[in-house]
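In our numbering, the protein residues as written are 204 to 311.
Where is the CB? At the ideal position from N, CA and C, for every residue including glycine.
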Amino acid sequence: FSEAELNRQMNQLIKSKDQEKLVKDKELEQTRLEEFKLKNVVEEVIEFKGDNAPDEEMLKEKMKTVRENPFIRNSLQKTSYQIRKERRDRRENMLKKIDNVPAKNKKN
Numbered sequence: 204f205s206e207a208e209l210n211r212q213m214n215q216l217i218k219s220k221d222q223e224k225l226v227k228d229k230e231l232e233q234t235r236l237e238e239f240k241l242k243n244v245v246e247e248v249i250e251f252k253g254d255n256a257p258d259e260e261m262l263k264e265k266m267k268t269v270r271e272n273p274f275i276r277n278s279l280q281k282t283s284y285q286i287r288k289e290r291r292d293r294r295e296n297m298l299k300k301i302d303n304v305p306a307k308n309k310k311n
């Protein structure tokens, strides 16, 4: 191997690691956002169940809204294992896409 070839491979490795970190950071950010949204909804629902609980009709309306929101509904139905598996699959697919990008002037 020439020094230029080694440097090129090293740079490619660094780029792929940076890309992998970027994907993980985005996923983490998405997870935090999802958890934040879910937490807010759960807190709102809990608020309604205190001593100053509003009438049943209002509570039913609120729960209906929660159930109709596809994001929240899916989050409540999925297990943490399913969510982690989906993220892992997404990350692997992203990395495959990155690996499939042909390097310029690649020599076999």
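Residue burial annotation: Val245 is exposed, with fewer than 16 other C-beta atoms found within 10 angstroms of its C-beta.
Collapsing the DSSP output to three states places Asn296 in a helix. Under the three-state reduction of DSSP output, Asn272 falls in the coil class, being neither helix nor strand. Judged by beta-carbon spacing, Arg294 lies beyond the 9 Å limit of Glu208, meaning their Cβ atoms are not closer than that value. Thr282 carries a coil assignment under DSSP once its states are collapsed to helix, strand and coil. The DSSP-derived three-state label of Ser205 is coil.
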